[in-house]
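Asker: For the sequence shown, the numbering used here begins at 281 and goes up steadily by one.
Even for Gly, the Cβ is constructed at its ideal location relative to N, Cα and C.
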Amino acid sequence: SSMMHRLGFCAGQLGSLRLRLAGQLLPARAMSLKVGDKLPAMELVEGPEMKKVNLQELFAGQRSILFGVPGAFTPTCSRVHLPSYVRDYDKLKAKGISQVFCLAVNDPFVMQAWSDANGAEGKVRMLSDTQAIFVEAAGLSLDLSHLLGGLRAKRFVMVIEDGVVKQLDVEPDPTKATCTLADEVLQSL
281 SSMMHRLGFC AGQLGSLRLR LAGQLLPARA MSLKVGDKLP AMELVEGPEM KKVNLQELFA
341 GQRSILFGVP GAFTPTCSRV HLPSYVRDYD KLKAKGISQV FCLAVNDPFV MQAWSDANGA
401 EGKVRMLSDT QAIFVEAAGL SLDLSHLLGG LRAKRFVMVI EDGVVKQLDV EPDPTKATCT
461 LADEVLQSL
């Protein structure tokens, strides 16, 4: 595969953050998701109804894609990244992908408006990591305080089978989308 695999993340990058995992407040420790790991039982938010979704339950029993972006309505995310998954949705389904999810550290109202603006409804489900808890724990956070006001998601893509990460690619430059685009994922399926 021509994909870049950047799977190494620094341990201990969470500092004194505390995580709410399965309803309990736990001391943070760097999880840094890698290929072969099961997704944590963390909750994210989906839709303007503020529906809480558990990652383990959401990805159980299916083959799905989860891609992360630094921010809804940002240039690369809006011009290239999200549109690649909307455009190639049927091809992904034909290759055995049950669902496609997009994650960002944005509120669910912004995520819904971004979905509407890009014709993603019925193709890409939008997940909000409103406090960057998942991306921090997964080793996929990016401090963009100087540009976007705080922690954001690195640009990444995961292929997940029955809740287990089977493929993980992270862009070395968050302003570009190359190895995390839908057509690259299609080549690896």
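1. Whole angstroms is fine: what's the gap from His361's alpha carbon to Ala457's?
2. What residues match up with Ser251 in a beta bridge as DSSP calls it?
3. Going by DSSP, name the residue or residues bridged to Phe347.
4. Between the beta-carbon of Gln379 and the beta-carbon of Gln342, is there less than 8 Å?
5. When you compare the CB positions of Ala433 and Leu420, do they come within less than 8 Å of one another, or not?
6. Cβ of Pro363 within 8 Å of Cβ of Leu422?
7. Can you give me the start and stop residues for the alpha helix (DSSP H) that Leu466 sits inside?
8. So Arg313 and Ala462 are in contact, right, with Cβ under 8 Å, and what is the actual spacing, rounded?
9. State buried or exposed for Asp409, treating a residue as buried only when at least 16 other CB atoms are found within 10 Å of its CB.
10. CB Val415 to CB Val366, shorter than 8 Å?
11. Are Leu346 and Gly443 closer than 8 Å when you measure CB to CB?
12. Mapping DSSP to helix, strand and coil, what is Glu313?
13. So which of Val445, Phe436, Ser468, Lys446 has the shortest CA-CA distance to Pro454?
14. Mapping the DSSP letters down to three states, classify Lys403 as helix, strand or coil.
15. With distances taken between CB atoms, is the gap from Leu407 to Leu372 smaller than 8 Å?
16. In this structure, what does DSSP give as the bridge partners for Val415?
17. Would the beta-carbon of Val325 fall within 8 Å of that of Pro388?
18. Cα-Cα, which of Leu431, Pro328, Phe381 is closest to Met438?
19. Can you name the start and end residues of the beta strand (DSSP E) that Val366 belongs to?
20. Quickly, what does DSSP pair Val450 with across the bridge? List them, please.
Answerer: Taking the geometry as given:
1. Position 81 of the sequence shown, counting from 1, holds the residue named residue 361. Position 177 of the sequence shown, counting from 1, holds the residue named residue 457. Looking at the two C-alpha atoms, the distance is approximately 6 Å.
2. Nothing about residue 251 can be reported from this structure: the residues present for the chain run from 281 to 469 only.
3. In the sequence shown, the residue the question calls residue 347 occupies position 67. According to DSSP, residue pairing for Phe347 in a beta bridge involves Cys382, Val437.
4. As a position in the sequence shown, residue 379 is number 99, starting the count at 1. As a position in the sequence shown, residue 342 is number 62, starting the count at 1. Yes, the Cβ-Cβ distance between Gln379 and Gln342 is below 8 Å.
5. Taking the sequence shown and counting its residues from 1, one reaches residue 433 at position 153. Taking the sequence shown and counting its residues from 1, one reaches residue 420 at position 140. Contact: yes.
6. As a position in the sequence shown, residue 363 is number 83, starting the count at 1. As a position in the sequence shown, residue 422 is number 142, starting the count at 1. With a cutoff of 8 Å on beta-carbon distance, Pro363 and Leu422 are scored as not near each other.
7. Position 186 of the sequence shown, counted from the start, is the residue given in the question as residue 466. Per DSSP, Leu466 belongs to the alpha helix (DSSP H) from 462 to 468.
8. Against the sequence shown, residue 313 aligns to sequence position 33. Against the sequence shown, residue 462 aligns to sequence position 182. It is Leu, not Arg, that sits at residue 313 in the sequence shown. Contact doesn't hold; Cβ gap of about 21 Å is too wide.
9. In the sequence shown, residue 409 corresponds to position 129, counting from 1. Its Cβ being crowded by 16 or more others within 10 Å, Asp409 is buried.
10. As a first step, residue 415 is located in the sequence shown; it is residue number 135 there, counting from the start. As a first step, residue 366 is located in the sequence shown; it is residue number 86 there, counting from the start. No, these two residues do not count as a Cβ contact at 8 Å.
11. The residue given as residue 346 occupies position 66 in the sequence shown. The residue given as residue 443 occupies position 163 in the sequence shown. No, Cβ-Cβ distance for Leu346 and Gly443 is not below 8 Å.
12. Position 33 of the sequence shown, counted from the first residue, corresponds to residue 313. Here residue 313 turns out to be Leu, not Glu, going by the sequence shown. Per DSSP, reduced to three states, the secondary structure at Leu313 is coil, with no helix or strand assignment.
13. The sequence position of residue 454 within the sequence shown is 174, counting from 1. Closest by alpha carbon: Phe436.
14. Locating residue 403 in the sequence shown gives position 123, where the first residue counts as 1. DSSP places Lys403 in coil when its eight states are reduced to three.
15. Sequence index remark: in the sequence shown, residue 407 carries index 127 (1-based). Sequence index remark: in the sequence shown, residue 372 carries index 92 (1-based). Result no, Cβ atoms of Leu407 and Leu372 do not sit closer than 8 Å.
16. Your numbering for residue 415 matches position 135 in the sequence shown. Checking the DSSP bridge columns, you'll see Val415 has no partner listed.
17. If you number the sequence shown from 1, residue 325 lands on position 45. If you number the sequence shown from 1, residue 388 lands on position 108. In this structure, the beta-carbon distance from Val325 to Pro388 falls below 8 Å.
18. For the purposes of this step, residue 438 is identified with residue 158 of the sequence shown, where counting begins at 1. Nearest in C-alpha terms to Met438, of all of Leu431, Pro328, Phe381, is Phe381.
19. Position 86 of the sequence shown holds residue 366. The continuous stretches of beta strand (DSSP E) do not include Val366, which lies in the alpha helix (DSSP H) extending over residues 362 to 367.
20. Your numbering for residue 450 matches position 170 in the sequence shown. Paired residues: Phe436.
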